[in-house]
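Protein chains: 2
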Amino acid sequence: MGEQVEAGLSPAERRRHKVRQTIIEAAERVFAEEGEDGLSIRRLADEIDYSPGAIYKYFSSKQELVTELREAFFEKILEQMKEVPDERAPFIEYAQSCIETYIRTALKRPYHYAAAFSGSRSPSDDAVDPDHLSNSRRAFEQLHHMVAQGVQKGVFRADLDTYLASKSIWAACHGLVQLMGHLPNLASGFFVGPSHDSDHLIKTHAALMIRGLSE
Amino acid sequence: MGEQVEAGLSPAERRRHKVRQTIIEAAERVFAEEGEDGLSIRRLADEIDYSPGAIYKYFSSKQELVTELREAFFEKILEQMKEVPDERAPFIEYAQSCIETYIRTALKRPYHYAAAFSGSRSPSDDAVDPDHLSNSRRAFEQLHHMVAQGVQKGVFRADLDTYLASKSIWAACHGLVQLMGHLPNLASGFFVGPSHDSDHLIKTHAALMIRGLSE
DNA sequence: AAAAGGAAGTAAACACTGTTTGCTTTTTGA
DNA sequence: TCAAAAAGCAAACAGTGTTTACTTCCTTTT
């Protein structure tokens, strides 16, 4: 899914789209393993048997390419989060899996996730076109929806500023992903004290936040 | 404080130390404003009227230089956190200001803070010499101390795994710093929805976590 | 004091990076 | 078929961190 765009296009457009896709796929492969540092235009060009300059016929900059990878990934996070809604399950469980899903999915591609919050993000990135929110923002909205629902159901405190609280939750998730992400740096050995398995850490982290929001 | 090292050193050593300090100060100036990207060896050399190569007589790599800036900064965070302990005040207030101090101090130098959790951090950075914990780790220990105290005083839940909980708290602080840091990217416009002033956000964030830990 | 040794500093090069330019080839549409 | 446009390439530009070979200066030893 995702590519039913190919209908009614001229052969030229289809070819162009195909090459673009080839670039993205190669970039994805390298980026997922080695991040932005490992992904150089020359290496990418080499991998797809093109010249470095050719890539600039498809992407105006390396940044644009990375942005595309990142946004595609956040779309996946968003999808995963939307598959959660067990409306019949107790709300707490729903909230728990909502948060856990965000963290777990983000952790599957640490470099993609990191790209959303580092590097040069032009401030006007979303501002120019408020209707077309970036997927990373949509993911936040999804989180906010969960919080608002909790308040409405009387599970969370009624006096909560739902947006403010969502920012806290988001920040907390964000922090955990960053610290747990098995990037070369923070990696395994970063946390001090006895090591805990990821699963346990994620679960208690989510539970702690939910408890913080609850009545 | 900090530089009473200069006693009993040969003139040569004193001169060397002085140049090293000059480099660090210039680096600090640039790095605080423009981060790792803005800090280039050539620019740094230019600023102190040395040749680029000369810097490598004092630092084996740019990474080492940045690490030194970062560690110096975490020492400051640590100091700030140690000035907090109003043991007579209610524990909740102590905990609140402990967390707030960490976040506020970190936010004063977003680039320094970010340097601790990005870039190439060799895994063996601390592992080789467990006695000499890096300042960033000491800051974590300080946080853990606070949590353990809370449990001991019966304010926090008795069944808490204090290390596990500290990791959560740390991650949550970390995330907020990252998202609030006025780096060019995430900056002002990153958060969605109505904008909240930093102070409010920090306060509620800390309160939410404390509430999550409490009985 | 003079010679030997080592550290400090430099200019130039190396091996990279993202990006732009000018040119050639290929493909397209009239 | 032929002109225009798009695709691709080699080479260059401007920048990066880092290393090398060399000089210059200071320090230590004789």
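Line by line, the protein sequences give chains F and R.
Residue numbers for the first sequence follow numbering that gives the first Met the number 0, so the first one is 0 and each next one is one higher.
Residue numbers for the second sequence follow numbering that gives the first Met the number 0, so the first one is 0 and each next one is one higher.
Cβ atoms here follow ideal geometry from the backbone N, Cα and C, with glycine treated the same way.
Look up residue i in the DSSP assignment and say whether it is helix, strand or coil.
i	result
R/Phe116	coil
R/Phe30	helix
F/Pro129	Note that F/Pro129 scores a pLDDT of 48, beneath 50, so its modelled location is shaky; the value from the coordinates is reported in the next line. Of the three classes helix, strand and coil, the one that applies to F/Pro129 here is coil, per DSSP.
F/Phe58	coil
F/Ser197	helix
F/Ser213	strand
R/Leu207	helix
F/Arg15	helix
R/Ile47	coil
R/Lys202	helix
R/Gln3	Its pLDDT being 48, under 50, R/Gln3 is placed unreliably by the model, and the measurement read from it follows with that caveat. Looking at R/Gln3 - three-state DSSP - the assignment turns out to be helix.
R/Pro10	helix
F/Ser187	The predicted model places F/Ser187 with a pLDDT of 43, which falls under 50 and marks its position as unreliable; any figure quoted below should be read in that light. F/Ser187: helix per DSSP, three-state reduction.
Decide if residue i is buried, meaning its Cβ has at least 16 other Cβ atoms within 10 Å, or exposed.
i	result
F/Ser59	exposed
R/Gln20	exposed
R/His199	exposed
R/Leu8	exposed
R/Ser133	buried
F/Pro109	buried
F/Tyr101	buried
R/Lys166	buried
F/Ala88	exposed
R/Ala11	exposed
F/Gly52	exposed
F/Gly211	buried
F/Tyr55	exposed
F/Gly180	buried
Counting only Cβ pairs nearer than 7 Å, list the residues of chain F close to residue i.
i	result
R/Ser167	Thr203, His204, Leu207
R/Pro193	Tyr162
R/Gly211	Leu207, Met208, Arg210, Gly211
Run down chain R in chain order and give the residues with a C-beta less than 8 Å from the C-beta of residue i.
i	result
F/Cys97	Those do not exist, as F/Cys97 stays about 16 Å from chain R at its closest Cβ, beyond 8 Å.
Is residue i near the ligand NAD - that is, is its Cβ less than 7 Å away from at least one heavy atom of it?
i	result
R/Glu140	In the structure shown, the ligand NAD is absent, as is every other ligand, since no ligand is present at all.
For residue i, collect the residues of the same chain with a Cβ closer than 8 Å to its Cβ; drop the 5 residues on either side in sequence, then sort them by chain order.
i	result
F/Ser115	In the sequence under discussion, the amino acid at residue 115 of chain F is Ala, which differs from the Ser named in the question. Here the set comprises Arg69, Phe73, Ser135.
F/Leu77	Asn134, Arg137, Ala138, Gln141
R/Leu159	Val146, Val150, Leu212
F/His144	none
Looking only at its chain, what residues have a beta carbon closer than 6 Å to the beta carbon of residue i, apart from the 5 residues adjacent to it on each side?
i	result
R/Glu214	Arg156
R/Ala147	Thr161
R/Lys229	Given that chain R is displayed from residue 0 to residue 214, the structure contains no residue 229 of chain R and the question cannot be resolved.
Since residue i meets chain R, which of its residues come closer than 7 Å, beta carbon to beta carbon?
i	result
F/Ala94	Here the premise fails: no neighbours, minimum Cβ distance about 13 Å.
F/His173	Gly174, Gln177, Leu178
Counting only Cβ pairs nearer than 9 Å, list the residues of chain F close to residue i.
i	result
R/Ala114	The premise fails here: R/Ala114 is roughly 10 Å from chain F at the closest Cβ pair, so nothing lies under 9 Å.
R/Ala170	Ala171, Cys172, His173, Gly174, Leu175, Val176, Gln177, Leu178, Met179, Leu200, His204
Spatial neighbours of residue i within its chain, please: CB distance less than 7 Å, with the 5 preceding and 5 following residues excluded, ordered by chain position.
i	result
F/Met208	Ile98, Ile168, Ala171
R/Asn79	It is worth fixing the name first, because residue 79 of chain R is Gln in this sequence and not Asn. For R/Gln79, where only same-chain residues beyond five positions count, the Cβ hits under 7 Å are Thr100, Thr104.
R/Gly37	Val29
> Between the region 87 to 96 of chain F and the region 46 to 63 of chain F, do at least 3 Cβ pairs fall closer than 8 Å?
Replying inline: no
Report task. Flag this pair as touching only if the region 168 to 175 of chain R and the region 158 to 173 of chain F have three or more C-beta atom pairs under 8 Å; answer yes or no. Result -> yes
*asked:* Could you check whether the region 20 to 32 of chain F touches the region 40 to 53 of chain F, counting it as contact only if at least three pairs of C-beta atoms, one from each stretch, sit closer than 8 Å?
replied: yes
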